[in-house]
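Each residue of the sequence shown is one higher than the one before, starting from 416 at the first, in the numbering used here. Structure first, then comments.
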Amino acid sequence: MIAKLDELRAKAITELDGIDKPSDLEAWRIRYLGRKSALTQILRGLAALSLEEKRATGAAANELRAFLEKSLALREEAVRDSVIARAIEGGRLDITLPGRSPALGRLHPTTQMLRQVCNIFMTMGFEVVEGPDVEWEYYNFDALNIPQDHPARDMWDTLWMDFTTEDGRRPMLLRTHTSPMQIRVMESRRPPVRVIVPGKVYRYEATDATHEAMFYQIEGFAVDRNITLADLKGTLFEFAKRLFGEERRVRFRCDYFPFVEPGVEMAIDCFLCDGAGCQLCSGSGWIEILGAGMVHPEVLRRVNYDPEIYTGFAFGLGLERMLMLKHGIEDIRLFYSNDLRFLRQF
Ligand code: YSA
């Protein structure tokens, strides 16, 4: 057996020395080191040998295997070098050309903004929670004080799922806002809660420069004893200053959302014209950035929070609109049209 191994070694090395093509190297590897090679057969047959033969043949066969593997690696290196040398000689490879730098990816501008906004609220003690994009009608509407046939449902053009109940209703939809997570979170916890919810929302929109059918919102809410509108204003004022700069002024005005009472909209003074009025702020000097309010007592009751004991505030902002304002971007559709000339600027 030892003689057979020596014979195999001599044959394999003679052949290997004559190889100068990478494809022939692979054929050689299969022939001498592959599953069906003579060497592998010898190693597999060791079990049938006597103890003494097993010891001697096993050691020699394993040594040969290691030797052939090392010889192959050395030959591969030599063949690679000679292939390159031939390419240079033949003028096919110019090693003086500068290398091509690998294309590095980056975070999408909405992801960057999302992280920035989440970080600001996290430093204020808010916890980040995510929820489902496909939502029950109950959470998206009913539990938020928007029963069927309530005119407020018209504020959200809804994409319903193709799934009907026995009475023909479609109880599932692509969530139109992140507010349903207020209910889901409050159902599963007792106060105090202080949570923000980033996520995609969907609307059956005719898209234009300020409307997308899919966009991001960030919901935020806090419920505890003695929470007042002053807490809402303080929190959002601090947020706006951190995101848009110390010098920004903030304006609150009444607005209507069925799940808050009172409801407000918050605007910041236009950073392009400093409140003087320009095209970006439609001449008003102010730019609306979010809807908010004090959580409606009916909503609290629905999740078994006693509105005589607990109060809370909530707000919801559109992420792309904030990005547009921050960078003076005129068309929201640029975010999702995959034009790298646009995306590389962030
Ligand atoms: C209000 C009060 C609360 O206590 C909590 C949350 C809210 C916000 C409410 N859920 C809501 O969705 N209001 S909204 O319909 O006015 O949308 C909120 C923000 O989303 C808008 O201010 C806007 O910035 C953005 N938005 C709305 N439709 C959009 C859009 N962004 C892009 N494309 C659209 N089609």
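From the three backbone atoms N, C-alpha and C, an ideal C-beta is built for every residue, glycine too.
Note to self: Any heavy atom of ligand 1 inside 7 Å of the beta-carbon of S594?
What the structure shows: Yes.
Please report how far the alpha carbon of P607 lies from the alpha carbon of L749, in whole angstroms.
If you take the alpha carbons of P607 and L749, they lie about 40 Å apart.
Nearer than 7 Å: is that true of the beta carbon of H742 relative to any heavy atom of ligand 1?
H742 Cβ: outside cutoff for every heavy atom of ligand 1.
(Q) Check this for me: beta carbons of G571 and T591, under 8 Å apart or not? (A) It is worth fixing the name first, because residue 571 is Trp in this sequence and not Gly. For W571 and T591, yes; Cβs fall inside 8 Å.
Exercise. Note down the Cα distance separating P677 from D670, rounded to an integer number of angstroms.
Key: Annotation: P677 to D670 spans about 8 Å, alpha carbon to alpha carbon.
Practice item. With DSSP as the reference, label C533 as helix, strand or coil. Key: Helix, per DSSP.
Original post:
DSSP state of V610, grouped into three classes?
Top reply: Of the three classes helix, strand and coil, the one that applies to V610 here is strand, per DSSP.
Do you know offhand how far P586's Cα is from M739's? The straight-line gap from Cα to Cα measures roughly 34 Å.
Count the C-beta pairs between the region 672–688 and the region 706–717 that are closer than 8 Å, then say yes if the count reaches three, no if not.
Yes: the two stretches touch, three or more of their Cβ pairs being nearer than 8 Å.
Just the C-alpha distance for G692 and P547, rounded to the nearest angstrom, thanks.
-> Linking G692 to P547 through their CA atoms gives a straight-line distance of about 40 Å.
In whole angstroms, what separates the C-alpha of V543 from that of V714?
Distance between the alpha carbons of V543 and V714: 21 Å.
**Asked** For L508, which of helix, strand or coil comes out of DSSP?
**Response** L508 carries a coil assignment under DSSP once its states are collapsed to helix, strand and coil.
Which ranges would you report for the alpha helix (DSSP H) in the region 553–639 if only whole runs of at least 4 residues count? If we require 4 residues or more, the alpha helix (DSSP H) runs fully inside the region 553–639 come out as 595–603.
* **Where T525 sits in the DSSP three-state scheme** => Correct three-state label for T525: helix.
* Stretch-stretch touch, CB-based, cutoff 8 Å, three pairs: the region 714–729 with the region 693–705 -> Under the 8 Å Cβ criterion, the region 714–729 does not count as touching the region 693–705, having fewer than three qualifying pairs.
Using 7 Å as the cut-off, classify the Cβ of V675 as near or not near the heavy atoms of ligand 1, replying yes or no.
The closest heavy atom of ligand 1 lies less than 7 Å from the beta carbon of V675.
Next on the checklist: Closer than 7 Å to a non-hydrogen atom of ligand 1 - does that hold for the CB of E713?
Outcome noted: For E713, the Cβ stays outside the 7 Å cut-off from all heavy atoms of ligand 1.
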